[in-house]
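Quick notes on the structure that follows.
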Amino acid sequence: MPAAFGKGISRLCGVLAAPTARELRRLLALALRETPTAEIRLDWLKSDTERSAFLKWLKAHHPRKAQLIATCRRRVGGGEFAGDAGEELYWLMQAREAGCAWCDLEVETLRELPGKSVRGYGVPEKVLLSMHDFRKTPVFPKKLTVLAAGGANALKVAAMARSLSDSARIMRLTRNSRDVVAIAMGEIGLPARVLALREGSALAYAPVAAATAPGQIPLRDLKALYRAHELTRATRVYGVIGNPVGHSLSPLLHNTGYIAARKDAVYLPFLVENLKDFLKALPDFGVQGFSVTLPHKEKIFAHLDAVEPLAEKIGAVNTVTVRKDGSLYGSNTDYLGVLRAMEKKMKLRGSRVAIYGAGGSARAAAFALAQAGANVFVCARRLAAARKLAKASGGEAIPRSALRTQEFDALLNATPIGMFPREKVSPLAAGELNCSLVMDLIYRPIRTKLLRLAASRKIACVSGVEMFLAQGFAQWEHWMGSKAPESIMRNAVMRALENEENARW
Ligand code: NAP
216 MPAAFGKGIS RLCGVLAAPT ARELRRLLAL ALRETPTAEI RLDWLKSDTE
266 RSAFLKWLKA HHPRKAQLIA TCRRRVGGGE FAGDAGEELY WLMQAREAGC
316 AWCDLEVETL RELPGKSVRG YGVPEKVLLS MHDFRKTPVF PKKLTVLAAG
366 GANALKVAAM ARSLSDSARI MRLTRNSRDV VAIAMGEIGL PARVLALREG
416 SALAYAPVAA ATAPGQIPLR DLKALYRAHE LTRATRVYGV IGNPVGHSLS
466 PLLHNTGYIA ARKDAVYLPF LVENLKDFLK ALPDFGVQGF SVTLPHKEKI
516 FAHLDAVEPL AEKIGAVNTV TVRKDGSLYG SNTDYLGVLR AMEKKMKLRG
566 SRVAIYGAGG SARAAAFALA QAGANVFVCA RRLAAARKLA KASGGEAIPR
616 SALRTQEFDA LLNATPIGMF PREKVSPLAA GELNCSLVMD LIYRPIRTKL
666 LRLAASRKIA CVSGVEMFLA QGFAQWEHWM GSKAPESIMR NAVMRALENE
716 ENARW
């Protein structure tokens with residue numbers, strides 16, 4: 216058990232960084248609603264006057280039970296403080312006077328001190344010695360020892376992770392240690408940051424407001440969505456792999472479901488540039504299953520041990536399950552997403568459905584609809600691509616002009632035309648919507664220009680959100696083995712998408 220900072224919630228550390236004492240006070244109040252542990256970045260305050268004002272206030276109003284870490288990191292150590300080592304020590308001494316029990320002192324300052332020790336300087340009694348590498352993950356010694364570190368009580372290593380293997384190496388630093396904090400910086404490091412406490416890191420850092428280092432997760436999400444302080448070795452780990460992956464709503468969808476259904480599981484976004492790197496790091500993260508998004512849906516085939524026959528036919532996998540023996544099983548829930556979303560609105564057997572587009576999602580839709588007994592018509596800007604998909608799925612390729620002359624029961628947009636940030640365009644004109652139902656696979660925005668055009672002609676509409684939700688519910692159930700708490704998961708996703716749209720306008 217890590218000794219230095221206590222247990223559970225107190226190992227989540229809110230990072231407070233603001234230019235004024237007033238703003239820093241506000242952030243401290245926000246942080247303490249989530250956790251008693253907070254790092255105060257004195258170096259981010261814009262002047263000595265603000266530092267004095269904040270510490271004077273803190274001395275008079277020291278929050279009870281708070282565990283405060285004062286940091287006044289110099290530029291040489293990657294911080295904002297323009298002063299020298301003597302001035303840094305001065306502010307840390309003031310922080311002790313104001314009631315901070317801990318201080319963070321960067322190794323660059325320690326090296327400048329006579330005797331290379333912090334003892335005897337009147338800084339806060341407990342010292343966290345920090346080492347940063349903002350460029351790369353260095354080669355670490357076999358074992359990090361705090362005793363060797365100039366009288367420090369704990370060690371912090373923060374390094375830029377350039378690969379998932381890097382972030383796994385950083386995570387491993389804290390195994391079998393009680394007083395080491397390890398932080399994988401950068402977006403690639405995000406899963407390692409969430410799993411840090413479970414691995415044994417003495418603290419996990421998260422900003423209360425603005426991020427102070429690349430790849431940070433807001434404190435509220437780290438606590439409420441990922442429950443970083445509650446994860447144990449027994450917690451099952453899932454995730455989504457993609458590049459980019461930061462915009463993915465899957466972590467919100469799956470984690471909301473785990474919380475509602477009380478599952479001891481967590482779902483993480485893995486930024487995967489290189490599939491081999493991810494697969495190598497898989498055992499370190501203990502991943503039991505993962506969703507696959509662009510650009511890996513097809514490339515993942517080469518690494519799978521077995522594939523569901525329909526996914527094989529579609530030629531894309533969006534769900535991988537890691538079996539007990541470590542082998543990988545691929546399947547596809549995108550096609551279920553299309554089916555479940557459309558079945559709610561119409562009878563598919565015997566219907567005529569036109570698909571616009573012949574890419575990955577068009578393939579999933581074509582096979583799904585054909586399997587459900589619909590007559591599938593494929594229309595694409597490249598007739599050859601339309602023909603190829605029509606042939607594979609047992610449908611028929613049609614030219615664009617057919618959309619004006621033929622009637623369909625449903626029309627499905629499987630191109631990215633109309634997706635944010637180019638949401639003002641529609642892939643099809645009003646005169647091409649000769650059908651009773653239009654489904655757009657796009658879900659940013661929720662109601663696309665195409666759907667608004669269809670609604671204005673009194674045609675029933677299905678948003679791509681329905682497909683996203685349905686494929687996610689199917690994945691969730693595949694891994695959890697129980698019914699997904701759909702309405703709670705749906706509400707969380709709809710709220711996030713609506714907030715995104717409101718923020719844009
Ligand atoms: P994809 O594999 O790249 O296929 C895109 C298709 O659209 C291709 O046939 C492409 O034709 C065509 N296209 C692209 N730009 C076009 C243009 N300007 N005019 C005419 N055709 C154009 O993409 P995908 O994975 O199928 O995704 C398509 C859309 O579905 C995306 O917006 C994606 O966000 C959405 N989607 C939604 C979900 C969901 O859960 N709701 C799931 C998957 C995908 P070429 O081959 O000629 O370029």
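For any residue, its number in this note's numbering is found by taking its place in the sequence shown, counting from 1, and adding 215.
Note that beta-carbon positions come from the ideal geometry of N, C-alpha and C, so glycine has one too.
Beta-carbon separation (whole angstroms), residue i vs residue j, contact threshold 8 Å
| i | j | result |
| --- | --- | --- |
| residue 269 | residue 247 | Actually they do not touch by this definition, with Cβ atoms about 15 Å apart. |
| residue 483 | residue 405 | 7 Å |
| residue 532 | residue 512 | 6 Å |
| residue 219 | residue 379 | Not confirmed; about 27 Å, so no contact. |
| residue 370 | residue 338 | Not quite, the Cβ-Cβ distance comes to about 16 Å (not below 8 Å), so this is no contact. |
| residue 365 | residue 395 | Not really, about 15 Å apart at Cβ, beyond 8 Å. |
| residue 461 | residue 402 | 6 Å |
| residue 389 | residue 430 | Actually they are not in contact, since the Cβ atoms of residue 389 and residue 430 sit about 17 Å apart, beyond 8 Å. |
| residue 646 | residue 619 | 6 Å |
| residue 623 | residue 569 | 5 Å |
| residue 472 | residue 234 | The Cβ separation is near 39 Å, so there is no contact. |
| residue 652 | residue 560 | 6 Å |
Close beta carbons around residue i, own chain, < 6 Å, minus the five adjacent residues each side
| i | result |
| --- | --- |
| residue 440 | 470 |
| residue 217 | A caution first: residue 217 carries a pLDDT of 40, below 50, which makes its placement in the model unreliable, though a value can still be read off. So the qualifying residues of the chain are 393 and 417. |
| residue 232 | 256, 259 and 427 |
| residue 536 | 504 and 544 |
| residue 383 | 496 and 499 |
| residue 319 | 284, 286, 343 and 345 |
| residue 465 | 455 and 506 |
| residue 637 | none |
| residue 451 | 480 and 503 |
| residue 661 | 678, 680 and 712 |
| residue 423 | 229, 231, 242, 245, 246 and 434 |
Local Cβ density within 10 Å of residue i, reported as buried at 16 or more and exposed below that
| i | result |
| --- | --- |
| residue 549 | buried |
| residue 621 | exposed |
| residue 264 | exposed |
| residue 546 | buried |
| residue 373 | buried |
| residue 671 | exposed |
| residue 696 | exposed |
| residue 616 | exposed |
| residue 714 | exposed |
| residue 347 | buried |
| residue 705 | buried |
| residue 680 | buried |
| residue 702 | exposed |
| residue 330 | exposed |
| residue 478 | buried |
Same chain, Cβ closer than 8 Å to residue i, five either side skipped, listed in chain order
| i | result |
| --- | --- |
| residue 446 | 409, 410, 412, 413 and 481 |
| residue 227 | 249, 250, 252, 412, 418, 419, 421, 434, 437, 438, 443 and 444 |
| residue 640 | 632, 633 and 664 |
| residue 309 | 266, 267 and 270 |
| residue 377 | 351, 352, 401 and 403 |
| residue 597 | 573 |
| residue 299 | 289 |
| residue 225 | 250, 251, 252 and 282 |
| residue 707 | 467, 468 and 471 |
Closer than 8 Å to chain B by CB, residue i
| i | result |
| --- | --- |
| residue 252 | As a matter of chain content, chain B is missing from the structure shown, which is built from one protein chain. |
Contact set for residue i: own chain, Cβ-Cβ below 7 Å, skip 5 residues either direction
| i | result |
| --- | --- |
| residue 576 | 549, 629 and 656 |
| residue 690 | 506, 534 and 548 |
| residue 341 | 316, 317 and 368 |
| residue 557 | 563, 625, 654 and 677 |
| residue 303 | 287, 289, 296 and 324 |
| residue 529 | 547, 550, 578, 579 and 582 |
| residue 711 | 464 and 467 |
| residue 604 | 573, 577, 578, 581 and 593 |
| residue 538 | 544 |
| residue 682 | 552, 553, 556 and 656 |
| residue 642 | 571, 628, 630, 632, 633 and 665 |
Problem set entry | Heavy atoms of the ligand NAP versus C-beta positions, residues under 6 Å | If you measure from each CB to the nearest heavy atom of the ligand NAP, the residues under 6 Å come out as 549, 552, 572, 573, 574, 575, 576, 577, 595, 596, 597, 600, 629, 630, 631, 632, 634, 656, 657, 658, 679, 682, 683 and 686.
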